[in-house]
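Undergrad: Residue 71 is where the sequence shown ends in the working numbering, and the numbering goes up by one at each step.
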Amino acid sequence: TGFKLNGKLKEGTTATDLVLTVTQMLRNKGVVGKFVEFYGPGLADLSLTDRATIANMAPEY
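#1: In whole angstroms, give me the CA-to-CA distance for residue 22 and residue 56.
#2: If you measure between the beta carbons of residue 32 and residue 13, is that distance less than 7 Å?
#3: Beta-carbon within less than 8 Å of residue 59's beta-carbon, same chain only, minus the 5 sequence neighbours each way: which residues are those?
#4: Do residue 50 and residue 15 have their C-beta atoms closer together than 7 Å?
In structure tokens form, the structure reads like this:
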């Protein structure tokens with residue numbers, strides 16, 4: 011399963027906000043207990059800290 015990221019986070023939006031939204035979206039689609047790959051041009055705009063936040067919260071899926 012993959013999740014395409016486009017664009018940049020709006021000012022004041024954190025990687026935690028992003029991953030919680032992604033979790034909600036995936037659960038609504040029935041994606042639970044799965045590996046999820048993040049891809050797309052939006053990854054380039056995420057800092058290493060933001061990427062680590064997403065990776066650390068990935069077990070929530």
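All residues carry an ideal CB built from backbone N, CA and C; glycine is no exception.
TA: This is what the structure holds:
#1: As a first step, residue 22 must be located in the sequence shown, where it is residue number 12. As a first step, residue 56 must be located in the sequence shown, where it is residue number 46. The straight-line gap from Cα to Cα measures roughly 14 Å.
#2: The residue you call residue 32 lines up with position 22 of the sequence shown. The residue you call residue 13 lines up with position 3 of the sequence shown. Cβ distance < 7 Å, so residue 32 and residue 13 count as in contact.
#3: Translated into the one-based positions of the sequence shown, residue 59 becomes position 49. Result list for residue 59: 25, in chain order.
#4: The residue you call residue 50 lines up with position 40 of the sequence shown. The residue you call residue 15 lines up with position 5 of the sequence shown. Yes; because the gap between Cβ atoms is below 7 Å, this pair is in contact.
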